[in-house]
Every structure is written in structure tokens, then in C-alpha cells.
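Take a look at the structure below.
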Amino acid sequence: MLPFSQNSHYKLRFLVLVLWVSHLVDSKSGFELDESLTYLWPLPSEFTSGNQTLTVDPTLSFSALGKGGNSKILIEGFERYKKIILKHVSGISLFDKSRGIRSVYDISELRFIVNSDSEELQLGVDESYTLFVAKKDGKSIVGEATIEANTVYGALRGLETFSQLCAFDYETKSVQIYKAPWYIKDKPRFAFRGLMLDTSRHYLPIDVIKQIIESMSYAKLNVLHWHIIDEESFPLEVPSYPKLWNAAYTKWERYTIEDASEIVSFAKMRGIHIMAEVDVPGHAESWGAGYPDLWPSSTCREPLDVSKSFTFDLISGILSEMRKIFPFELFHLGGDEVHTDCWTSTPHIKQWLNDQNMTAKDAYQYFVLKAQEIAISKNWTPVNWEETFNSFPSKLNPRTIVHNWLGPGVCPKAVAKGFRCIFSNQGAWYLDHLDVPWNEVYSAEPLEGINNVSEQNLVLGGEVCMWGETADTSDVQQTIWPRAAAAAERLWSKREAVSARNITLTILPRLHYFRCLLNRRGVQAAPVTNKYARQPPIGAGSCYEQ
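Heads up: the sequence shown is residues -27 to -1, 1 to 519, going by mature numbering (1 follows the signal peptide of the UniProt record, and there is no 0).
Quick look at the structure:
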């Protein structure tokens, strides 16, 4: 017989073991979805649902009407989503022999009605759609699922929503649609819903960029702002100035013009614009690796030399080459963080400033405006970081789009002066700020402080920014997701819908669910509620609760 103290010790250990096993059982079976919430992300602008459960045929077929029904973009989009929706099923359809060839499934066909055959992808393209999913009455052979849209890009957004309605049931091994019938009438709140990707601080392979673009489509983001080059590296081929990509980190970390064109084509098939950026006159030290005359001097290398016509000839050459690749009407010219010490300390530039009767600040304005003229001459609308507006608002070309980043309050000032604006407040929407939690990303409002409707219409939307100093292929996706999804819903869904008082109860469970959807689709989205973004889970548990 064990001594009392030792016996008590073993009893205590046994009790702890029982409680631990009980906890495991509970934790594996205890999670349930809140049925009062709608697990679509981003939330559609208008919808109704019911209480039926429908089954989807594993050989789900495609049909299309309207002028845009034969679009390659639509047909390939259907095939992509069909693989996502039917990933776990056999692909063999069952029929009810007692009723002839009638399918035993409620939804056997996805029907599209696309009213326009135009595939032009420009800012403000119609992305609206309606989606109707219901069990068809009578003796019809197929069930009813219809997406109607004015453009193929609206149809793609409807396809994404339809895919999120479909869920694989592991008990019956079938794809089901819950809470049917569904009627969804949807459109985006903002035309510009972006993600900035920095490939200068770390090179990202083409396949990784494609994976990011694919994941953007799941959240209905529609602009990839490609910050291709910066002071650290120049990875892009420019055939007319072939030495520029001497500043790539290595000869293997480069993008050919064919690579860039492939990215644009891949994105267009998903209804996503590519907005390229050439940041001038600062952030351009790398250019001088191939063309040292662009530097003020060999020891003072930034900003680009404002005094030489060669500088502007080269910028014009770069933009001419890029115009062949990037059809999107917006082009980002940077203009941020320009420190002019090298201009005032380099003798020949100092002399040029004196000859032109310019201060360094005047020269900064001169450079930005000259770069804008070049971009506009190539039929581009210039986008500039907010420092240009903060420094000389009355001198900027009126077509300029002001890109906010330093903090709140800039878009209200910009639209009050008639400029259009893109919102990217670094305190909330800079994804490299790992200490910004999901709820602060979600709550950032692009129209804050703008009450006049005509001025609100000048806010194009916003973008989250993935600066690359600490992000490469190994961690970029888990840094982007799921926080980018929080901004995506803010930019797509109605303001009233995203302004709920207790977002922990109404939004967080839905964001958990979308993060798990991303994981199921192969996107390395990090846990939602960790203190620092992109951290791994802190312990065992369900995806839906982390």
C-alpha cells in the first residue's frame, strides 16, 4: 500500500489526466459556426437566404448566354473554380433511374448571363453581379444556379461568391450549399481595391507573384500595385537601357519583359489590374549601377541628378518600354522621401540650381512635374505619394492621384482641392507593421473626415502595402493574409455592414472562416489573432479559433 502522500499524488495525476482527455474530446467536437452570421467574404451588398440544403453535382456543367458568354476569361474562370468547388468529390454523377435521367443533385449546371463582350479592364470596370441559387421546381433536368453580370469581370466576382457558398460535407462526401435559396445582388463600394507588392527589397519569383494574384481574387481585391524597383535593386529588363538591371541582386533575380507581360495577362484573367511604379527622384540609387551619370556623384547617389537631360531621357525610355507591357491607365511615379542634400552639396548641381534660380525644394517640384509630363504624354494618369501634394499642391497636374500613406487626414485635404485619392494610412494598412492587429486594419475607413458626397466620390479606394524588407518567398503570404482580407471587406462591402459595434462577435468568426478557406485553397494565411502578424500558432487547436 502506498503512503498517503504518494497515493494522493497519483490520484491527483490521474484526475489531471482525466480532465486533459476530457478537454481534448471537448475541443475536438465543441466548435460550431454561429448560424446567425453569413460566411461570405467580403460580405455582399444585398442578399437573402433560406433554410434549405442543396447538393451540387460533381460533374457541374457550364452554360452561358449573352454577348460575353464565349469569353475565354469566363470559360477558364469556371474551370478554375470548378476544381476548387469539386476538389474532394469523385467527378462521377449519380442519376435517379426511377425518373429517367434526372440527376439526384439539386444543382447540376451553373448558368451565366454576361451582357457585354468587352474584355477591356480599366479603372471602374463594372464588377457588379447577381447570383441566384435555388432548388428548381417541376420536372426540369437541372437545378438552378445563375450568375448575371454586365461584364466578364462581374461574372468572375460572382463565381468567387458561388464557390464560397459551396462546402464539402465529409459525412456524405458531397458538395452542399447551405441556407438556400440564395439571392445575392452585389457590387463593390470602391473601384480601387489594392495590394502593393515590393520586389526590390526581396526578389519574388514569378510563380509566387501569381500565387499572390490568385489569392487576391479570393478576397475580390482588384489592383496589384507592383513596386518593382527601388534603391536596393533594379530587377526589371528595360531593352532600350540594358544596363539598368545590372542592379539586380544576382543574374537569376530578374524579370524579363516577357515575365512582366505574363504577370499582366495572368492578372487580367482574374479581373486584376497591374499598376506599375517607378519611384522618382528618390529611391533610385540602384539605377546608377548601370548608368553612373544618373548619380549626383559617385559618393552621393540619391536623388537622381536633376540637372541632366539624360536623367529625363532615361525616365522617358523606361516609361515607353513599360507602356508596352502595362495597359492599366494609372502609373505610379513615387515622389516620396526625397532628401535633397546631394543636390545642394554636389558642385555641378549646386551651380545648376543657381543658374535656374531654384532652391532644392523648387528642384524637387520641377523633377516631379517633369516626370508627370512624361507619363501623361504616354497616356498615363500619374499617381504620386502624398509628399508631392503636401509640398506643392497647387502646382501638381490636376489629373494627379494622391496616394496617402503618412497618416490620416490627407485624403480629406486632397479631395477638398479636387484631387482624387488612394488611402493607405501606414498606421493601419502597412502590412510590414506586424504589431497592427486585424481589428485596426478592419476599422480603418477611407472616407473618414469626408462628408461631402462629391468629395467622397474622389476617393478611388485604398490599398494595403506589403513592403519587402522582412518579407520574401518564405513568409510573404502569411504577412499579407489574413489582414489584407480585413481591408478587402472594408473596400468592397457597404459601409453600414462593416461598421458593426462589436466586431469581435460579428466579424471575427467570419474572418476566421475566411482564413481557413484560404488555407484550404493552399494560401499560407497566418492565424488571425496572434499578437504579431505572420507568427505561427501558439499551440494546438482548430483553424477556426486561431
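We put the CB at the ideal spot given by N, CA and C, even for glycine. Nothing here was measured: the structure is a model prediction, and the numbers come from that model.
Do residue i and residue j have their CB atoms nearer than 8 Å?
i, j, result
"L33", "I86", "no"
"I57", "R494", "yes"
"W316", "P265", "no"
"L267", "I347", "no"
"S259", "F207", "yes"
"R274", "G261", "yes"
"N88", "K158", "no"
"A444", "D405", "yes"
"V125", "E92", "yes"
"residue 536", "H175", "The structure shown does not extend to residue 536, since the chain is modelled only from -27 to 519, so the question has no answer here."
"K368", "Q338", "yes"
"H200", "T172", "yes"
"residue 524", "F365", "The question about residue 524 has no answer here: the residues shown for the chain are numbered -27 through 519."
"L484", "P455", "yes"
"L104", "F51", "no"
"G263", "L94", "no"
"A118", "I80", "yes"
"R53", "E100", "no"
"K323", "F285", "no"
"H246", "F283", "no"
"Y505", "Y12", "no"
"V29", "I150", "yes"
"L433", "I349", "no"
"S44", "R84", "no"
Near residue i, which residues of its chain fall below 7 Å by C-beta distance, leaving aside the five closest residues on each side in sequence?
i, result
"D7", "P482"
"K224", "none"
"K152", "S22, G23 and N24"
"G400", "G380"
"E413", "A401"
"I480", "Y415 and A473"
"K216", "G263 and Y264"
My guess is that residue i and residue j are in contact by the Cβ rule of under 8 Å, so how many angstroms apart are they, rounded?
i, j, result
"H305", "A249", "7 Å"
"W358", "G307", "6 Å"
"V62", "P31", "4 Å"
"residue 532", "Q450", "The chain is shown only over -27 to 519; residue 532 falls outside these bounds and no answer can be derived."
"S270", "T313", "With a Cβ gap of about 14 Å, S270 and T313 do not count as contacting."
"A240", "I186", "5 Å"
"D328", "D252", "27 Å between Cβ atoms; not a contact."
"Y156", "F20", "7 Å"
"A107", "P154", "4 Å"
"L59", "V148", "6 Å"
"E462", "P15", "4 Å"
"T229", "E210", "5 Å"
Going by the DSSP bridge assignment, what does residue i pair with across the sheet?
i, result
"D171", "H200"
"F304", "P355"
"K368", "Partner(s): none; K368 has no beta bridge."
"S147", "D142"
"G97", "BP columns for G97 are empty, so no partner."
"M295", "In DSSP, M295 forms no bridge with anything."
"G434", "F165 and I395"
"Y517", "Note: Y517 sits in no beta bridge, so no partner."
"S34", "E82"
"H246", "V196"
"A107", "E117"
"F20", "I157"
"Y102", "A122 and D159"
"Y228", "L209"
"M439", "L170"
"Y214", "Bridge partners of Y214: none, in fact."
"L27", "I150"
Go through its chain and collect everything with a Cβ distance to residue i's Cβ below 8 Å, but skip five positions before and after it.
i, result
"G391", "P371 and L431"
"R468", "R162, E418 and L420"
"G382", "G422"
Once the 5 residues before and after residue i are set aside, which same chain residues still bring their CB inside 6 Å of it?
i, result
"Y403", "C438"
"F396", "N377, C384, P419 and G435"
"A333", "T313, W316 and T317"
"L303", "M248, T354 and V356"
"E310", "G255"
"R488", "P455, A498 and V501"
"R296", "K351"
"W325", "S280"
"K(-17)", "In this predicted model, K(-17) has a pLDDT of only 41, less than 50, meaning its place in the structure is not dependable enough to derive any value."
"S466", "P15 and L16"
"Q519", "P500 and P510"
Please report whether the beta-carbon of residue i lies at a distance below 8 Å from any beta-carbon of chain C.
i, result
"A221", "The structure shown contains no chain C; it is built from a single protein chain."
Using 8 Å as the Cβ pair cut-off and three pairs as the minimum, do the region 228 to 245 and the region 473 to 480 touch?
no
Between the region 127 to 144 and the region 162 to 181, do at least 3 Cβ pairs fall closer than 8 Å?
no
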